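Reviewing the structure listed below.
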Amino acid sequence: MSDASQGLRLYNTLTRTKEDFVPIDPLNVRMYVCGPTVYDFAHIGNARPVIVFDVLFRLLRHLYRQTHVTYVRNITDVDDKINARALRDFGGEIASGTLSLNEAIRRVTEKTAGQFHSDVAVLGCLEPTVEPRATEFVEPRADGKVDMITLIQSLIERGHAYVAAGEVLFDTASMPDYGQLSKRNLDEQQAGARVAVDAHKKNPGDFVLWKLSSPEEPGWNSPWGRGRPGWHIECSAMSAAYLGEVFDIHGGGLDLIFPHHENEIAQSRCAHGTEMMANIWMHNGFLQVEGQKMSKSLGNFYSINELLETETFGGRKWPGEVLRLAMLMTHYREPIDFSVRKLEEAENTLRKWKRGADLAPTAAGQVPVEIIDALSDDLATYATFQILTQLAGEAVDGNDAAASLKASLLFLGFDVASAKVDEGHVAKAIAKRLAFIAAKNWAEADRIRDDLLAQGIQLKDGKDPVTGERITTWEVKR
1326 MSDASQGLRL YNTLTRTKED FVPIDPLNVR MYVCGPTVYD FAHIGNARPV
1376 IVFDVLFRLL RHLYRQTHVT YVRNITDVDD KINARALRDF GGEIASGTLS
1426 LNEAIRRVTE KTAGQFHSDV AVLGCLEPTV EPRATEFVEP RADGKVDMIT
1476 LIQSLIERGH AYVAAGEVLF DTASMPDYGQ LSKRNLDEQQ AGARVAVDAH
1526 KKNPGDFVLW KLSSPEEPGW NSPWGRGRPG WHIECSAMSA AYLGEVFDIH
1576 GGGLDLIFPH HENEIAQSRC AHGTEMMANI WMHNGFLQVE GQKMSKSLGN
1626 FYSINELLET ETFGGRKWPG EVLRLAMLMT HYREPIDFSV RKLEEAENTL
1676 RKWKRGADLA PTAAGQVPVE IIDALSDDLA TYATFQILTQ LAGEAVDGND
1726 AAASLKASLL FLGFDVASAK VDEGHVAKAI AKRLAFIAAK NWAEADRIRD
1776 DLLAQGIQLK DGKDPVTGER ITTWEVKR
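Numbering (this note's numbering), first residue to last: 1326 to 1803.
Next up, the structure:
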């Protein structure tokens, strides 16, 4: 263990309480997080769990040593939306026989998965220990790792699944305590947005483990015919393949509690005959954009890449570390309003921290125990950032505060490259301000002055002693 003065406590969705974290095996702490479905570029809502659980991964590596933590985050590349995208992008080649649908799907997902990896790296996220793809775990494997078809067979043999109308379905009534995570019971599983009701189901809440594929759809051979797996069985197989039948932490977004995580628990427990799938279930809160639910119809749907590479949000591109901090400024379990104002606040905060870190000696400092303690209280990032701001205020050339600040920023996944001022940026801002002054637009002139001051740039107006013209000088104010 590290030098933390208190143990790690995490909020467990399963029990609705904050609990002391006790790993099953301190020499191999195991965490699984649901990754992206790569039918399109990941949107900003997808970024939140990646960033949140990256912080937890870093904390676990600090507490239990880097080599003693296994973090699995999957790639879902079996999905009806992926099929549709492949037909859209490669329909001509598929129709002519020059490309199979499965090959077209691989091309679609290679591109989108590659973009996802690039984007989250810019957000400062570490690579997971293992990143399995769903398509690699459908059929029995040569290495003997758990696969979906074998898992489904086990559920049928144990009396927890049945075949009907060409599908294999999980029998929710066979599990007396089904619904513990979402706190729903079988009587509540009525027709609704997330529960498909079909005549061949024994119960409305029964869900698909395997479904038949038409000739136009991708498929794998199975005992129940050529088909493809349901969504939930994928994560049950991939988590068991690398983490075992019971592991420490399972994470994801709040929207996955039902039906995805609830059904993962049902499949895994019933297939393996275990009391638990994961000991602690963690979920990050919802994200909205500028006070509204993010949707394409509202025109506020942004991919991570759009925010990084285009000027579609707030009229500018945003650095990855600014997006990262903006996500972490709100506690992970709370809803977050993703806004231009929040990004500007994050950017200004980072500048202050970096100016302090610039004063650090060359030798790396230590992450203060206060930082570890704050994060160990269910990832209390707000308290963590208060400590960073205090360190930035105490930082002077070569002192311990500057060294600790630099070490802490690195630990949290932030770039500590020099925060030296971009003189070209300042010159352009001053020129704009002088133009507003000439036009007597005092409000805009004051706004630019205040924006620069928030960035640590203090302006001083005066007159050229020779020409008498107004001039503006500036200095860095720490």
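Here a beta-carbon is modelled for each residue, glycine too, at the ideal position from N, C-alpha and C.
Being a predicted model, the structure only gives us computed values, none of them experimental.
Residue i burial status per 10 Å Cβ neighbour count (16 or more: buried)
| i | result |
| --- | --- |
| glutamine 1514 | Note that glutamine 1514 scores 48 on pLDDT, short of 50, meaning its location in the model is unreliable; the coordinates nonetheless yield the value given after this. Buried is the call here. |
| histidine 1575 | buried |
| glycine 1723 | exposed |
| asparagine 1427 | exposed |
| proline 1348 | buried |
| glutamine 1592 | buried |
| glycine 1370 | buried |
| arginine 1519 | For arginine 1519, the predicted structure reports a pLDDT of 38, less than 50, and the residue's modelled location is therefore unreliable. A value from the coordinates is still provided. With fewer than 16 other Cβ atoms within 10 Å, it is exposed. |
| asparagine 1337 | buried |
| glutamine 1391 | exposed |
| arginine 1803 | Its pLDDT being 49, under 50, arginine 1803 is placed unreliably by the model, and the measurement read from it follows with that caveat. Per the 10 Å Cβ criterion, exposed. |
| arginine 1774 | buried |
| aspartate 1404 | buried |
| tyrosine 1362 | Note on identity: in this sequence residue 1362 is threonine, with tyrosine being the wrong assignment. The residue is buried, with at least 16 neighbouring Cβ atoms inside 10 Å. |
| proline 1548 | exposed |
| glycine 1787 | exposed |
| proline 1457 | buried |
| serine 1443 | exposed |
| alanine 1732 | buried |
Residues bridged to residue i [DSSP beta-bridge criterion]
| i | result |
| --- | --- |
| glutamate 1492 | Ala1489 and Lys1536 |
| tryptophan 1767 | BP columns for tryptophan 1767 are empty, so no partner. |
| asparagine 1609 | Gly1578 |
| valine 1358 | Arg1398 and Gly1576 |
| proline 1660 | DSSP, once it has assigned bridges, lists no residue as partnering proline 1660. |
| valine 1741 | According to DSSP, valine 1741 bridges with nothing at all. |
| leucine 1335 | Glu1344 |
| tryptophan 1545 | Gly1552 |
| phenylalanine 1638 | Arg1641 |
| arginine 1458 | Ile1400 |
| alanine 1603 | Phe1572 |
| lysine 1618 | Gln1613 |
Alpha-carbon to alpha-carbon, residue j and residue i
| i | j | result |
| --- | --- | --- |
| glycine 1517 | serine 1507 | In this prediction, glycine 1517 scores a pLDDT of 35, lower than 50, which makes its location untrustworthy; the coordinate-derived value is nonetheless stated afterwards. Answer to the nearest angstrom: the Cα atoms are 15 Å apart. |
| leucine 1623 | aspartate 1702 | 37 Å |
| leucine 1650 | alanine 1671 | 6 Å |
| leucine 1716 | leucine 1737 | 15 Å |
| leucine 1777 | proline 1660 | 30 Å |
| tryptophan 1556 | glutamate 1646 | 32 Å |
| asparagine 1604 | phenylalanine 1415 | 43 Å |
| leucine 1761 | arginine 1666 | It is phenylalanine, not leucine, that sits at residue 1761 in the sequence shown. One C-alpha to the other measures close to 23 Å. |
| phenylalanine 1346 | methionine 1607 | 12 Å |
| lysine 1642 | glycine 1749 | 17 Å |
| histidine 1525 | phenylalanine 1638 | 47 Å |
| threonine 1599 | glutamate 1615 | 44 Å |
| histidine 1393 | alanine 1727 | 30 Å |
| proline 1686 | valine 1741 | 13 Å |
Residue span of the beta strand (DSSP E) that contains residue i, given as start and end
| i | result |
| --- | --- |
| glutamate 1344 | 1342-1345 |
| lysine 1785 | 1782-1788 |
| leucine 1704 | Leucine 1704 -> no beta strand (DSSP E), and no H or E assigned at all. |
| arginine 1795 | 1795-1801 |
Check whether residue i and residue j have beta carbons under 9 Å apart
| i | j | result |
| --- | --- | --- |
| leucine 1653 | valine 1447 | no |
| alanine 1367 | valine 1445 | yes |
| asparagine 1630 | glutamine 1440 | yes |
| proline 1554 | alanine 1459 | yes |
| valine 1380 | threonine 1655 | no |
| aspartate 1468 | aspartate 1496 | no |
| serine 1479 | alanine 1596 | yes |
| tryptophan 1678 | leucine 1713 | yes |
| tryptophan 1545 | valine 1493 | no |
| leucine 1770 | leucine 1734 | Here residue 1770 is alanine; the residue named in the question, leucine, does not match the sequence. Not in contact: alanine 1770 and leucine 1734 (Cβ atoms no closer than 9 Å). |
| aspartate 1402 | alanine 1429 | no |
| arginine 1355 | glycine 1569 | yes |
| glycine 1484 | glutamate 1587 | no |
| arginine 1373 | asparagine 1609 | yes |
| glycine 1360 | arginine 1410 | no |
| leucine 1684 | phenylalanine 1739 | no |
| alanine 1498 | lysine 1527 | yes |
| glutamine 1613 | aspartate 1662 | yes |
N- and C-terminal bounds of the alpha helix (DSSP H) containing residue i
| i | result |
| --- | --- |
| tryptophan 1678 | 1665-1682 |
| glutamate 1634 | 1629-1634 |
| aspartate 1725 | 1725-1736 |
| arginine 1386 | 1369-1389 |
| arginine 1553 | Taken as a continuous stretch (DSSP letters only), arginine 1553 belongs to no alpha helix (DSSP H), being part of the beta strand (DSSP E) at 1552-1554. |
| cysteine 1595 | 1587-1597 |
| serine 1421 | 1405-1421 |
| serine 1443 | 1426-1447 |
Closer than 8 Å: residue i CB and nearest the ligand NAP heavy atom
| i | result |
| --- | --- |
| lysine 1677 | Here there are no bound small molecules, and the ligand NAP is not part of this structure. |
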